[in-house]
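For the sequence shown, the numbering used here begins at 53 and goes up steadily by one.
C-beta atoms are modelled at their ideal positions from N, C-alpha and C, and glycine is treated no differently.
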Amino acid sequence: MKLIDSTPRKDGYRMPGEYELHEACWMLWPQRPDVWRFGGKPAQYAFAEVAKAISRFEPVIVGVNGDQYENACNMLPDCVRVVEISNNDSWMRDCGPTFVKNDRGDVRGVDWRFNAWGGLEYGAYFPWDKDAQVCRKVCEIAGKDMYKLPDFVLEGGSIHSDGEGTALVTEECLLHPGRNPHLNKAQIEEKLKEYLNVEKVIWLKRGIYLDETNGHVDNICCFARPGEVLLAWTDDESDPQYEISAECLALLESETDAKGRPIKVHKLHVPRPVLITREEEAGVDVKAGSIPRVEGERLAASYVNFYFANGGIVMPLFGDPGDEPALAKMREIFPDREVVGVYAREIILGGGNIHCITQQQPKGL
Numbered sequence: 053m054k055l056i057d058s059t060p061r062k063d064g065y066r067m068p069g070e071y072e073l074h075e076a077c078w079m080l081w082p083q084r085p086d087v088w089r090f091g092g093k094p095a096q097y098a099f100a101e102v103a104k105a106i107s108r109f110e111p112v113i114v115g116v117n118g119d120q121y122e123n124a125c126n127m128l129p130d131c132v133r134v135v136e137i138s139n140n141d142s143w144m145r146d147c148g149p150t151f152v153k154n155d156r157g158d159v160r161g162v163d164w165r166f167n168a169w170g171g172l173e174y175g176a177y178f179p180w181d182k183d184a185q186v187c188r189k190v191c192e193i194a195g196k197d198m199y200k201l202p203d204f205v206l207e208g209g210s211i212h213s214d215g216e217g218t219a220l221v222t223e224e225c226l227l228h229p230g231r232n233p234h235l236n237k238a239q240i241e242e243k244l245k246e247y248l249n250v251e252k253v254i255w256l257k258r259g260i261y262l263d264e265t266n267g268h269v270d271n272i273c274c275f276a277r278p279g280e281v282l283l284a285w286t287d288d289e290s291d292p293q294y295e296i297s298a299e300c301l302a303l304l305e306s307e308t309d310a311k312g313r314p315i316k317v318h319k320l321h322v323p324r325p326v327l328i329t330r331e332e333e334a335g336v337d338v339k340a341g342s343i344p345r346v347e348g349e350r351l352a353a354s355y356v357n358f359y360f361a362n363g364g365i366v367m368p369l370f371g372d373p374g375d376e377p378a379l380a381k382m383r384e385i386f387p388d389r390e391v392v393g394v395y396a397r398e399i400i401l402g403g404g405n406i407h408c409i410t411q412q413q414p415k416g417l
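Structure, rendered in structure tokens:
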């Protein structure tokens, strides 16, 4: 692995759409007790189910801290590769590499600066020094060269690409003072164009209500295919989510993508509000610098936070009446893919979901 002193745009690399073919899926193993209850044990079962589901479609590689290596090997299916990657927590989407690819099939990683969603003042936990090294370690193991941006904070969950020149982001996240306060919107957009090799960035205003990542786009909207997006939605006008989603819908319906196509929007209804229980609050350690879990607080649950696999989709379920309609809607939108649901309440309790804990490596040569 070597650091490339250039940019993906200059070298002819682009961020593929997530629905393009994958070489593998990368994950990290949960154990942090101030994020995951009971030292991560319930979450480990959920992560193992996600890994098992994805492994039906493509290879899965899970990075673990040394003290969890034997346990992870025991809990994960034999077909899942376990490697030792020290980490502070398990959000591979955000601290791992954003992979880019050229027309010859060569793949490289992009290492954004990671500061735990906002740094010391706004971030979700401290420290994050091991997370900041995850991208390089993944690229070393995968044998991929890497671009590095030491002065530009970004997480993989805050960007979506259609693979054909268009990116989706939210102003709530990318303009947050905990990211890059020294840059204005135009300067941030230029960075995205240079390192994702896109021609157009569509800026939604806000993400899912109460999303502690400051409104990552991957929880509210994603590309289904070029020219089509899925949007988290509610018909309940009394829900604070309604105003946010309606604002996104109006913007998307007034936009075109980089190819000049109007954008078709598929509404994917959110579940009923998922609230933290007393038992869930009691199982999470309290630690200075970490976001506390408080009984009755609403979690940012959304079915949009799913993973594209080769020939499949692995999506979160919440034990909600909306689960079956969401599965049916996804099967309608993706008739050529097998849609698999995984019960993911333990994952959303940690602050994210299936898309947040996974990172696709595009198919190479």
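query	result
Within the segment 228 to 273, note down every full alpha helix (DSSP H) run reaching 4 residues or more, in order along the chain.	237 to 248
At 3 residues or longer, and completely inside the segment 264 to 346: list those beta strand (DSSP E) runs for me, N to C.	273 to 277, 280 to 285 and 316 to 321
What residue range is occupied by the uninterrupted alpha helix (DSSP H) comprising ALA353?	Segment: none, ALA353 is in no alpha helix (DSSP H) and carries neither H nor E.
Looking at the unbroken alpha helix (DSSP H) that takes in ALA95, where does it start and where does it end?	93 to 107
Could you give the first and the last residue of the continuous beta strand (DSSP E) run that contains ALA76?	74 to 80
Among PRO377, GLN83 and ALA340, which has the Cα closest to the Cα of HIS321?	PRO377
When burial is assigned at 16 or more other CB atoms within 10 Å of the CB, is TYR261 buried or exposed?	buried
Can you tell me whether DSSP reads SER138 as helix, strand or coil?	coil
Quick check on GLN24: buried or exposed, where buried means 16 or more other Cβ atoms within 10 Å of its Cβ?	The structure shown does not extend to residue 24, since the chain is modelled only from 53 to 417, so the question has no answer here.
Could you check whether the Cβ of TRP180 sits closer than 6 Å to any heavy atom belonging to the ligand MG?	As for the ligand MG, it is missing from this structure, which has no ligand bound.
Rounded to whole angstroms, what is the Cα-Cα separation between MET198 and SER138?	19 Å
Is it buried or exposed for ALA334, if we count other Cβ within 10 angstroms and need 16 for buried?	exposed
Could you say which of ILE56, MET67 and LEU73 lies nearest to ALA361 if we only look at CA atoms?	LEU73
Looking only at DSSP bridge pairs, what is SER210 linked to?	BP columns for SER210 are empty, so no partner.
With a threshold of 7 Å on Cβ separation, who are the neighbours of ASP372 within its own chain once the five nearest residues in sequence on each side are excluded?	PRO323 and ARG324
Between which two residues does the beta strand (DSSP E) carrying TYR359 extend?	359 to 361
What number of angstroms, rounded off, separates the C-alpha of PRO149 from the C-alpha of LEU201?	11 Å
If we ignore side chains and look at the alpha-carbon of each, how far apart do ASP263 and LEU283 end up?	15 Å
So, at 7 Å on beta carbons, what are the nonlocal neighbours of MET127 in its own chain, with the 5 sequence-adjacent residues on each side left out?	GLN96 and ALA100
I'd like to confirm the pairing. Which residues does DSSP put opposite GLN120 in its beta bridges?	Its beta-bridge partners do not exist; DSSP assigns none.
Tell me whether the segment 264 to 273 and the segment 403 to 410 touch, counting them as touching only if at least three CB pairs, one residue from each stretch, are closer than 8 Å.	yes
By Cβ distance below 7 Å, which residues in the same chain neighbour LYS237 in space, the five residues on each side in sequence not counted?	LEU227
Leaving out five residues on either side along the sequence, give the residues of the same chain with a beta carbon under 6 Å from the beta carbon of CYS147.	PHE166, ASP183 and VAL186
CA-CA distance, PRO179 and TRP78?	22 Å
Considering only C-alpha positions, which residue in the set ARG313, GLU192, CYS274 and LYS415 is nearest to CYS408?	CYS274
Report the CB separation of TYR294 from LYS153 in whole angstroms; it is logged as a contact under 8 Å.	Not confirmed; about 38 Å, so no contact.
Can the beta-carbon of GLU299 be found closer than 7 Å to that of LYS252?	no
Got a sec? Which residues, its chain only, sit under 8 Å from ASP181 by beta carbon, not counting five neighbours each side?	ASN140
Excluding the five sequence neighbours on either side, which residues of its own chain have a C-beta within less than 8 Å of the C-beta of ALA276, listed in chain order?	TYR71, LEU282, HIS318, ILE385 and PHE386
Are the beta-carbon atoms of GLY230 and GLY171 separated by less than 7 Å?	yes
May I ask which residues mark the beginning and end of the beta strand (DSSP E) holding GLU390?	390 to 395
Check each candidate in GLY312, GLY69 and ARG345 and name the one with the smallest Cα separation from THR329.	ARG345
Using a 10 Å radius around the Cβ and a threshold of 16 neighbouring Cβ atoms, would you call GLN413 buried or exposed?	buried
Pick helix, strand or coil for LEU379, following the three-state DSSP scheme.	helix
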